[in-house]
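Student: Below you'll find the structure I mean.
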Amino acid sequence: MVKIKYIVIAAVVILGIVAVRHFLQTEEKKVRKQFELLSEWVSKGPGESVLTTSYKIQHIATLFVKPCVFKADIIAFTGSYTPEEIAGFAGRSRFYLADLSLKFYDLNIEFPEQAMAQVTLTAKLIGKTKSGEYIDATHELKTLLTNPEGTWLFSHVEVVEVLQK
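Here the numbering used here runs 69 ahead of the position in the sequence shown, where the first position is 1.
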């Protein structure tokens with residue numbers, strides 16, 4: 070009887086800790102989570118199934134507002150796009166790749182206004198095309214996320230052109 074009492078108390082304490090961590094997440098952590106999700110859903114492992122690919126592409130669209138502004142002259146992707154158009158572009162791009170990894174580094178998160186996050190970061194894209202060519206690109210990004218209904222969504226993404234020496 071005493072053991073059951075201690076097990077119940079331990080379970081309640083663990084549930085309490087999990088609940089507190091979940092509900093007391095800072096806005097900065099919530100913004101970081103969106104970048105983690107984008108990284109996860111853009112990345113593609115070797116031998117990824119069609120079902121997994123479809124799942125990831127559909128979920129990419131959930132991270133963007135309608136419309137989202139892109140300024141990426143380096144890949145001729147500049148303009149306002151719906152989340153569905155962004156997911157379609159990601160899907161077509163992933164079709165030509167056997168392996169793809171997207172990682173974000175050095176996130177500098179600022180909140181200039183309520184429900185708005187400005188994030189400057191470094192993005193590293195590594196992969197391999199189905200024809201065997203390697204991809205290794207690193208770019209600085211400026212992003213703007215808004216929080217219209219309790220979820221941080223990308224509303225502006227800009228690839229910053231860095232001057233070379």
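Where is the CB? At the ideal position from N, CA and C, for every residue including glycine. This one's a predicted model, so the numbers in the text were calculated from it and none came from an experiment.
(1) Output the distance between the C-alpha atoms of residue 227 and residue 82, rounded to the nearest integer angstrom.
(2) Residues bridged to residue 209 by DSSP?
(3) Does DSSP put residue 224 in a helix, in a strand, or in coil?
(4) Which of helix, strand or coil does DSSP assign to residue 98?
(5) To the nearest angstrom, report how far apart residue 149 and residue 201 are at their CA atoms.
(6) Enumerate, from N- to C-terminal direction, the unbroken beta strand (DSSP E) stretches of 3 or more residues contained entirely within the segment 132–158.
(7) Relative to the C-alpha of residue 179, which candidate in 111, 97 and 125 has its C-alpha closest?
Tutor: Let's see:
(1) 44 Å
(2) 191 and 229
(3) strand
(4) helix
(5) 32 Å
(6) 133–141 and 146–150
(7) 97
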